[in-house]
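Q:
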Amino acid sequence: MEWTEEAIAKLRTLWAEGLSTAEIGRRLNISKNAVVGKAHRLNLPPRPSPIRRTEGQTATRPSAPKRAQGPTLPPLSASIGSPAPSLRAIMPAPKSSQRATPCCWPIGEPGKSSFHFCNAAAATGKPYCEEHAGIAYVRVRDRREDAA
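Written as C-alpha cells, this is what we have:
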C-alpha cells in the first residue's frame with residue numbers, strides 16, 4: 353500500500369479520536385496490521401491496553417509450582433546391572449477379604465429407575481463376567497471362511 357498525505361492525515365485524525373486499529377483499518381480500507389505499522393513509523397502515541405483494569409490494578413501472574421527438593425528418581429548407578437523390580441514386588445498383595453471386581457455390563461436403559469449393572473464377579477482381566485464377556489468379545493472370523 354502506498355500512503356498518501358491524505359491517508360496519513362486521516363490516520364492521525366482517527367488515531368487521535370481513539371478508534372481501534374481494526375476500526376481505522378476498516379475506515380481506510382486497509383488491514384489492521386498496516387495501521388499498526390504506519391502508526392509505529394509515525395511515532396503516534398501507543399494505544400491503551402484492550403484489557404480493562406480498574407485504577408491502580410496491575411496484572412498478576414500465578415506463581416509457578418514449587419519444585420520438589422532432592423532427587424525424584426533413584427540414581428542411575430543403582431539401577432545399572434540390577435534387574436528392575438517386578439510389579440509384584442512394588443504392588444502390595446491383594447487381601448483375601450477383598451471382593452472380586454464386579455461385572456460392569458449395563459442392564460436396562462440409562463436414566464430409568466430400573467437401570468443397573470450386572471455386578472456378577474468379573475472374569476480375570478476383563479471388565480465383564482463370563483456370560484457378558486462372551487457377548488462383548490467376539491472372535492474375528494478369517495476372511496477365507498467367508499470366501500468358501
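With the numbering used here applied, the sequence shown covers 353 to 500.
Note that the Cβ used here is the ideal one computed from N, Cα and C, for glycine as well.
With DSSP run on the structure shown, which of helix, strand or coil describes residue 488?
A: Indexing the sequence shown from 1 puts residue 488 at position 136. Helix.
Q: Enumerate in chain order the residues of its own chain whose CB-to-CB distance from residue 481 is below 8 angstroms, with the five nearest sequence positions on each side excluded.
A: The residue you call residue 481 lines up with position 129 of the sequence shown. Only 455, 457, 470, 472, 473, 474 and 475 meet the Cβ criterion.
Q: Thinking just about the alpha-carbon of each residue, which of 418, 359 and 421 is nearest to the one in residue 382?
A: Here the question's residue 382 lines up with position 30 in the sequence shown. Per the Cα distances, 359.
Q: If you draw a straight line from the C-alpha of residue 373 to the C-alpha of residue 460, how long is it?
A: Counting from 1 along the sequence shown, the entry for residue 373 is found at position 21. Counting from 1 along the sequence shown, the entry for residue 460 is found at position 108. Near 59 angstroms, if we compare the C-alpha coordinates of residue 460 and residue 373.
Q: Within the same chain, show all residues whose beta-carbon is closer than 7 angstroms to that of residue 384, passing over the 5 residues directly before and after it, in chain order.
A: On the sequence shown, residue 384 is found 32 positions in, with the first residue counted as 1. 373, 374 and 377.
Q: Exposed or buried, what is residue 492 when buried is set at 16 or more other beta-carbons lying within 10 Å of its beta-carbon?
A: Locating residue 492 in the sequence shown gives position 140, where the first residue counts as 1. Flag for residue 492 reads exposed.
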